[in-house]
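Undergrad: For the sequence shown, my numbering assigns the number 22 to the initial residue and increments by one for each residue that follows.
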Amino acid sequence: MAHAKNHDYHILPPSIWPFIGAVSAFLMLYGAVGWMRPDEVTLLGIPVTGPWLFLIGFVGVLYVMYSWWADVIHESQAGDHTPVVRIGLQYGFILFIISEVMFFAAWFWNFIKQAMYPMGPESPIKDGVWPPEGIVTFDPWHLPFINTLILLLSGVAVTWAHHALVHENDRKTTINGLIIAVILGVVFSILQAYEYSHAAFGLADTAYAGAFYLATGFHGLHVIIGTIFLAVCLVRLMKGQMDQDKHIGFEAAAWYWHFVDVVWLFLFAVVYVWGS
22 MAHAKNHDYH
32 ILPPSIWPFI
42 GAVSAFLMLY
52 GAVGWMRPDE
62 VTLLGIPVTG
72 PWLFLIGFVG
82 VLYVMYSWWA
92 DVIHESQAGD
102 HTPVVRIGLQ
112 YGFILFIISE
122 VMFFAAWFWN
132 FIKQAMYPMG
142 PESPIKDGVW
152 PPEGIVTFDP
162 WHLPFINTLI
172 LLLSGVAVTW
182 AHHALVHEND
192 RKTTINGLII
202 AVILGVVFSI
212 LQAYEYSHAA
222 FGLADTAYAG
232 AFYLATGFHG
242 LHVIIGTIFL
252 AVCLVRLMKG
262 QMDQDKHIGF
272 EAAAWYWHFV
282 DVVWLFLFAV
292 VYVWGS
């Protein structure tokens, strides 16, 4: 362990998870392509059954995520996460969030570009309109606004829980705050799915539809991931695995959730209000 050495760094043993994760991600993405283009994709000369290959890769990715993070938790419980290691984990997660900012910046750029320079059926001879003709957009002040309030309330609950743990070491209040945040996250996802099911346009209908579903859909995926992240922290807190001094996992989950909140505010303003 790190505390038994003459330095504060944790020397990791060899791990199989990066390799399995890379293979699983490849199978998942390759299967997704095979799912969308069943007549054009082969693997080693064999026609690919897209849905099954995607499912195998997806299950593999989930298994690697669970196992890898379980290893990190076990290392923390074993005392390997010294102050130096914890700082490294914080910096690493900050860089991850920065990469996520750039990811969503690309989708915002795509939507704004499509809205400011719409392409009609006669483009480039004649510009189109935005939203395209025939597209019935969502009323931003109905379900999208309700979802905005729900996500903001969940962010308040996470902040409340984080403050209770860090400043007061109040485990009960922290657990209650996380329960509220997780429930609100689930409600947000359910309402988002309900909104999609009642949309007047499909993913492939127009450029607006594609930009809308990709931007809001990727955010919805991040909400699901963030909800799972918070739920894992909740379970760990119930097991007594975090305290006032050691709570890097919870801190990362809180940062991630606030990032998801901020992205949604931009989505609401740009896609639902301005873009409609």
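Quick reminder that beta carbons are idealized off the backbone N, C-alpha and C, glycines included. Nothing here was measured: the structure is a model prediction, and the numbers come from that model.
For R257, report the span of its alpha helix (DSSP H) as first-last.
TA: For the purposes of this step, residue 257 is identified with residue 236 of the sequence shown, where counting begins at 1. Looking at the DSSP string, the run of the alpha helix (DSSP H) that includes R257 is 228-259.
Undergrad: Can you look up P153 in the DSSP assignment and give me helix, strand or coil?
TA: In the sequence shown, counting from the first residue as 1, residue 153 sits at position 132. Coil, per DSSP.
Undergrad: Go ahead and label W130 buried or exposed: buried means 16 or more other beta carbons lie within 10 angstroms of its beta carbon, across all protein chains shown.
TA: Mapped onto the sequence shown, residue 130 falls at position 109. Under this definition W130 is an exposed residue.
Undergrad: If we count Cβ pairs, one from each stretch, closer than 8 angstroms, do we get three or more for the region 267-275 versus the region 170-183?
TA: yes
Undergrad: Could you work out which residue in H31, V294, I41, G78 is closest to G52 when comparing CA atoms only?
TA: Numbered from 1 along the sequence shown, position 31 holds the residue referred to as residue 52. Minimum Cα distance to G52 is reached at G78.
Undergrad: Any contact between the region 196-215 and the region 158-176? By contact I mean 3 or more CB pairs, one from each, below 8 angstroms.
TA: yes
Undergrad: Which residue comes first and which comes last in the alpha helix (DSSP H) that contains N168?
TA: Here residue 168 corresponds to residue number 147 of the sequence shown, with the count starting at 1. 164-189 is the extent of the alpha helix (DSSP H) around N168.
Undergrad: Could you say if the region 232-249 and the region 102-118 meet the contact criterion of at least three C-beta pairs nearer than 8 angstroms?
TA: no
Undergrad: From I196, L199, I171, pick the residue whose C-alpha is nearest to that of D211; which is it?
TA: Mapped onto the sequence shown, residue 211 falls at position 190. Note on residue identity: the sequence assigns Ile, not Asp, to residue 211. Of I196, L199, I171, the residue nearest in Cα terms is I171.
Undergrad: Shortest alpha-carbon distance to W73 belongs to which of Y87, W90, V54?
TA: As a working note, residue 73 is residue 52 in the sequence shown. Comparing Cα positions, the closest option is V54.
Undergrad: What does the Cβ neighbour count give for V284, buried or exposed, with the cut at 16 atoms within 10 Å?
TA: Here residue 284 corresponds to residue number 263 of the sequence shown, with the count starting at 1. Buried.
Undergrad: Going along the chain, which residues of its own chain have a beta-carbon closer than 8 angstroms to the beta-carbon of P165, five neighbours each way excluded?
TA: Position 144 of the sequence shown, counted from the start, is the residue given in the question as residue 165. These residues qualify, in order along the chain: F159, E216, F289, Y293.
Undergrad: Helix, strand or coil: which one does DSSP assign to K134?
TA: Position 113 of the sequence shown, counted from the first residue, corresponds to residue 134. K134: helix per DSSP, three-state reduction.
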